[in-house]
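Here's the structure, in structure tokens; my notes come after.
In my numbering, the protein residues as written are 653 to 781.
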């Protein structure tokens, strides 16, 4: 299948905007749900009833897990916000590294993608090194 690199139509951009906004809402709902489930009353009761170092270590592990999950979601929200900014400023669909159009097939899979596949692979290779 040939990769399609071209400017997006206003209709396509609006469709991607809707998808990105939907993903943003889903992430916020997941964050709220996690906070309620993981840091709700049960967690407060656990803190209030700590009896020894082992229980304190469990609380620390719980906090690190919650913060790790939230940090990952925070990064996703930042990427989504950047994609919305690019839409608002007429930059959406262009690779932020090389300026080429991102393949529409890539945007369909990951509408908030900021890099064409070639630049993304280069960045990942550098990160692994």
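We treat Cβ as the ideally placed atom computed from N, Cα and C, and that holds for glycine.
Does DSSP put residue i in a helix, a strand or coil?
i: residue 737; result: helix
i: residue 680; result: helix
i: residue 724; result: helix
i: residue 766; result: coil
i: residue 774; result: helix
Any beta carbon from chain E within less than 8 Å of residue i's own beta carbon?
i: residue 666; result: Of the protein chains in this structure there is only one, and it is not chain E.
Buried or exposed: which applies to residue i, given that a residue is buried once 16 or more other Cβ atoms fall within 10 Å of its Cβ?
i: residue 720; result: exposed
i: residue 750; result: exposed
Based on DSSP bridge pairs, tell me the residues matched to residue i.
i: residue 753; result: 746
Among the options, which residue has its Cα nearest to the Cα of residue i?
i: residue 735; options: 674, 656, 655, 657; result: 674
i: residue 732; options: 661, 679, 683; result: 679
i: residue 772; options: 747, 763, 760, 742; result: 747
i: residue 726; options: 777, 666, 758, 677; result: 677
i: residue 688; options: 660, 664, 757, 718; result: 718
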